[in-house]
Structures are given as C-alpha cells and as structure tokens.
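Some notes on the structure that comes next.
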Amino acid sequence: MPRKEEATQQQQLTAAKRAYNAAVDEGNRQEEARWANVIGDILKNRGEYVEALRWLRKDYEVSLKYLPDKQLLATCQSLGELYLRLLHYNDALIYQVKEG
Numbered sequence: 001m002p003r004k005e006e007a008t009q010q011q012q013l014t015a016a017k018r019a020y021n022a023a024v025d026e027g028n029r030q031e032e033a034r035w036a037n038v039i040g041d042i043l044k045n046r047g048e049y050v051e052a053l054r055w056l057r058k059d060y061e062v063s064l065k066y067l068p069d070k071q072l073l074a075t076c077q078s079l080g081e082l083y084l085r086l087l088h089y090n091d092a093l094i095y096q097v098k099e100g
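Heads up: the sequence shown begins at 1 in full-length UniProt numbering, then just goes up one per residue.
Pasting the structure below:
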C-alpha cells in the first residue's frame, strides 16, 4: 500500500477514534456504536482483523443494550464478514443468522 494512502487511513482512524471518544463522553449511544463500527471497518480494510473485531464487538454490545433491534443489522453483517475472514465459520454463522 502506498505511503500516502496509509497516512490517509491513519488520519481517518485517528479522527474516528476522536469522534468515538466524544460520543462516549456525551453519552450518545447511537453515535458511540456508529463510530465503533466505522473504526472496525477501517481496521478490517487494513487487514487488522483482531483489532477490528474488538471494535465491532463494542458496536454490537452498545447496539444490543441501548438501541432498537433494527440497528443490529449492520453490526451483525460486519461481525459475520469479519469472522468469515478469520475462518471462524461457526461464529460467522451465528451473526449471519442474527441478521436474518
């Protein structure tokens, strides 16, 4: 990956983490979940699957606990896809079934 693209991704990741922390500080659960998903997606696209999983699980936990069920669709899709990339088929299936 070219250096310029890496720098841009790092800037996006830094900005997303700042936005996540602001949402946590404000107690805005919807934004907290959304930014955790964005961070997980950035990390997934960089190939950092284990760290991406940590952030997507934060999204899932906040969404499950505080948000309407329909908010879980994107979260379950992201988790299912990530578990597939990690070759954890049983875990992937769990989240794919939850989204359906």
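Positions of the beta carbon are idealized from the N, C-alpha and C atoms, including for glycine.
Leaving out five residues on either side along the sequence, give the residues of the same chain with a beta carbon under 7 Å from the beta carbon of residue i.
{"i": "Tyr83", "result": "Asp91, Ala92 and Tyr95"}
{"i": "Gln9", "result": "Ile42 and Arg46"}
{"i": "Asn37", "result": "Leu56, Asp59, Ala74, Thr75 and Ser78"}
{"i": "Lys44", "result": "Ala52 and Leu82"}
Assign residue i to buried or exposed, taking buried as 16 or more other Cβ atoms, counted over all protein chains shown, within 10 Å of its Cβ.
{"i": "Asp41", "result": "buried"}
{"i": "Val97", "result": "exposed"}
{"i": "Glu32", "result": "buried"}
{"i": "Gly27", "result": "exposed"}
{"i": "Ala16", "result": "buried"}
Since I believe residue j is in contact with residue i (beta carbons under 8 Å), could you give me their beta-carbon distance rounded to a whole number of angstroms?
{"i": "Leu53", "j": "Ser63", "result": "At roughly 15 Å, the Cβ-Cβ gap does not stay under 8 Å, so Leu53 and Ser63 are not in contact."}
{"i": "Ile39", "j": "Tyr20", "result": "6 Å"}
{"i": "residue 102", "j": "Arg85", "result": "Because the chain here runs from 1 to 100, residue 102 falls outside it and cannot be looked at."}
For residue i, which residues from the same chain have a beta carbon less than 6 Å from its beta carbon, with the 5 sequence-adjacent residues on both sides left out?
{"i": "Ala23", "result": "Glu31, Glu32 and Trp35"}
For this session: List in chain order: all unbroken beta strand (DSSP E) runs of 3+ residues lying wholly within the stretch 45-84.
Result: Segments of the beta strand (DSSP E) lying fully in the stretch 45-84: there are none.
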